[in-house]
Amino acid sequence: MSNDNDTTDDASSSDYRLPRRGALTLLGAAGLGGLAAGSATAEEGDDGGDGGGNQPWYRWESDVDAGEHALSNLGALSMAANDAEISDFAGENLSVDEGVLNAGGGTPESIHVVTEYPGETLDQKLENVFAELPDGDDIPNQQPGHRIVIPAPDPDDAAAADGLPAWRVESPIVVGKNTGKLVFDMGWTLIYATESIESFFVIGPDEKTENITLNGGMFYAQENLERSFVDIQGIGHMHISRMYLQNLEGRNTVPAGIRLKDYHGSSELTVTDTEVTGCRDAFLAEHGSEDVPYGPAFDLDIYNWRGGGGEHSIRIDGGVAINLDSIQCGGHPLQSVSESIVKLENSVTSTRKVSISNVRERHNAMEYHSGVHVADVTDGAGDRHDGVYVQNVDCYNAEYGTDVEYVTHLDQQNVRPKPTVGDEVSGSTRWFDDGVERHETAQSYAFHAGDGPSLVVDEDDVRVPGDGNGVVLTTPDGSGQYLLHVDNDGELVTEAVEQDDGE
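First residue of the sequence shown: 1, per UniProt numbering; consecutive thereafter.
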């Protein structure tokens, strides 16, 4: 359209470009059925018609071709009442959302939204996403940064579960032969297993997979998972965050929430802000292959974990460099455990270099064996666990705060209820009971004040190191102090200790 002072039929060209999500977003649900590309003729009027006399108005008698000119400063676009509702519109980066035409930026090719892919279930849609990912001999350099977005489906989508804004999964979602750094972004989308399946996700079944991230997702099963919600069979550097995994059919009826069993070597896994309910082991790590030069191993970091509804919240068989922090169970009986919150086992190799801190039960937890159980499952034939450090364990309904049966180099403190410690443990145990701090150790205990030990407590005696040193004793009335020591003949000698005037 021309400016106010321009009344010629040939409007001057304009370089003005309609901004994205600009005036066209004002279009309503009435539709644009009358607009299409083509030639145009128009009659100019000056009788005060639609233009109101402010500027020329035109009666269009055919389709319009704007000749690459822009339409600017559009206040509104009115359609005939009998026009059909708009459902589609052709043009680069144009879309219609609830009758509103939007001109938005294009989605990068590295972002894949599953609702844009065909499939009767979520797993089928994801298979079609995987088919579009780069492949070949140079995957690590072609594919990094690809993100797969899984929003809630339309309830009318064929892949929706029972007319809900939730996805159906009927086959495992297998991520394999992929070293390209994939991120699955699921928000709080609901995802249901509607058939009996092995797992929701199977990671790296054929060869080690690198850099996979699972963010979000609320996954539900009904005793119909044969192995786990997430089954990791070979991974390097994986992150799981903000996932919610629940078996809806009660306690202990799904083997595992997250299972790590690497058949291809060693794995590195970090889990944060995740909750699992109704699985025998909410988290399970075990060995899958012994063909590793330095022995089967995996590195684990688990933070802010809520798991229960079975025997253990976390069960780890072997592994090295393990950090567990902020581990809770309870809240209601379905989130309690029946054996231990954290259990370390040694069926193949012992666990080594383990730090466990801030283990808690919430209200309504049931009675169970221990907060942390460092166990031997080999009848004495396996290696002892080496380097286990436990602190801040408060599990009121447990029989023991920690049960240390088969470990060397232990340190634990602030544990309630009191721990049970094996006879061959090398290390120290400290806990609080009725306001008294207690120390237990199988080795000598030395108190240092200055360069050397001032007092050494051994299994058989108490020693005050240093020639001529002794202990200072105070009289019952508090009026005097005496140094008790021995002379060179081994006789006990007491010497009065001079006190300052102010004492």
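Quick reminder that beta carbons are idealized off the backbone N, C-alpha and C, glycines included.
Neighbourhood of residue i by C-beta, 6 Å cutoff - its chain only, sequence neighbours within 5 removed
i, result
"Gly308", "Cys329, Gln335, Ser336, Val337"
"Glu275", "Tyr244, Arg306"
"His112", "Val129, Ile148"
"Gly331", "Arg362"
"Val374", "Leu344, His385, Val388, Val404, Val407"
"Gln499", "none"
"Asn224", "Ala193, Ser196"
"Asp299", "Glu268, Ala321"
"Leu248", "Tyr220, Gln222"
"Ser340", "His312, His369, Ser370, His373"
Residue i - partner residues in DSSP beta bridges
i, result
"Met238", "Ile212, Leu269"
"Thr408", "Asp386"
"Met218", "Leu190, Tyr244"
"Tyr368", "Ala398"
"Asn323", "Asp301, Ser355"
"Thr277", "Gln246, Gly308"
"Tyr445", "Val457"
"Gly427", "Leu410"
Inter-residue spacing [alpha-carbon to alpha-carbon] between residue i and residue j
i, j, result
"His237", "Phe447", "44 Å"
"Ala496", "Tyr482", "4 Å"
"Ile197", "His312", "23 Å"
"residue 515", "Ala193", "Residue numbering for the chain in the displayed model covers 1 to 503; residue 515 lies beyond these limits and cannot be assessed."
"Val169", "Gln443", "56 Å"
"His409", "Asn211", "34 Å"
"Asp9", "Glu68", "Because the pLDDT of Asp9 is 46, which lies under 50, any placement of that residue in the model is unreliable, and the number read from its coordinates should be weighed accordingly. Cα to Cα, Asp9 sits roughly 16 Å from Glu68."
"Asn320", "Thr272", "With the sequence shown as reference, residue 320 is identified as Val, and Asn is not the correct amino acid for it. Cα to Cα, Val320 sits roughly 19 Å from Thr272."
"Ala221", "Thr277", "10 Å"
"Thr115", "Ser171", "18 Å"
"Pro417", "Arg430", "12 Å"
"Val388", "Gly401", "14 Å"
"Glu207", "Arg360", "37 Å"
"Ser289", "Pro165", "40 Å"
"Phe219", "His369", "29 Å"
"Ile314", "Leu473", "51 Å"
"Asp477", "Val493", "21 Å"
"Thr209", "Ser355", "27 Å"
"Phe201", "Gly452", "58 Å"
"Ser357", "Leu269", "18 Å"
"Ala285", "Lys125", "30 Å"
"Pro333", "Asn252", "12 Å"
"Asp489", "Asp458", "24 Å"
"residue 542", "Ala76", "Lying outside 1 to 503, the shown extent of the chain, residue 542 is not represented and no answer is given."
"Asp467", "Ser479", "27 Å"
"Tyr258", "Gln233", "It is worth fixing the name first, because residue 258 is Ile in this sequence and not Tyr. Distance between the alpha carbons of Ile258 and Gln233 is about 11 Å."
"Ala70", "Thr189", "41 Å"
"Ala381", "Phe229", "33 Å"
"Ala36", "Glu132", "With a pLDDT of 41 at Ala36, under the threshold of 50, the modelled position of that residue is not reliable, and no figure is offered here."
For residue j and residue i, believed in contact at Cβ under 8 Å, the rounded distance
i, j, result
"Ile203", "Asp231", "7 Å"
"Cys395", "Gly427", "Rounded, the Cβ-Cβ distance is 21 Å, inconsistent with contact."
"Ser267", "Arg227", "At roughly 17 Å, the Cβ-Cβ gap does not stay under 8 Å, so Ser267 and Arg227 are not in contact."
"Asn397", "Met366", "7 Å"
"Asp383", "Asn414", "Their Cβ separation, rounded to whole angstroms, is 28 Å, which puts Asp383 and Asn414 out of contact at 8 Å."
"Val183", "Thr213", "4 Å"
Contacts around residue i, its chain only, beta-carbon distance under 7 Å, and the 5 residues preceding and following it disregarded
i, result
"Met186", "Ile150, Asn215, Gly216, Gly217"
"Asp301", "Thr270, Asn323"
"Pro465", "Gly452, Pro453, Val456"
"Thr41", "Note that Thr41 has pLDDT 49, beneath the 50 cutoff, so the model's placement of it is unreliable and no number is given."
"Asp487", "Val493"
"Tyr263", "Gln233, Gly234, Gly288, Ser289"
"Lys177", "Asp206, Glu207"
"Tyr303", "Thr272, Asp325, Ser326"
Proximal residues to residue i (C-beta, below 8 Å), its chain only, five neighbours per side dropped
i, result
"Ala160", "Pro153, Asp154, Ala166, Trp167, Arg168"
"Gly422", "Val404, Glu405, Tyr406, Val407"
"residue 519", "A question about residue 519 goes unanswered here, because the residues of the chain that appear run from 1 up to 503."
"residue 510", "It is not possible to answer for residue 510, since the shown part of the chain is limited to 1 through 503."
* To do: Pick out the complete beta strand (DSSP E) segments inside the segment 117-180, 3 residues or longer, and give them in chain order.
  => 147-149, 166-169, 173-175
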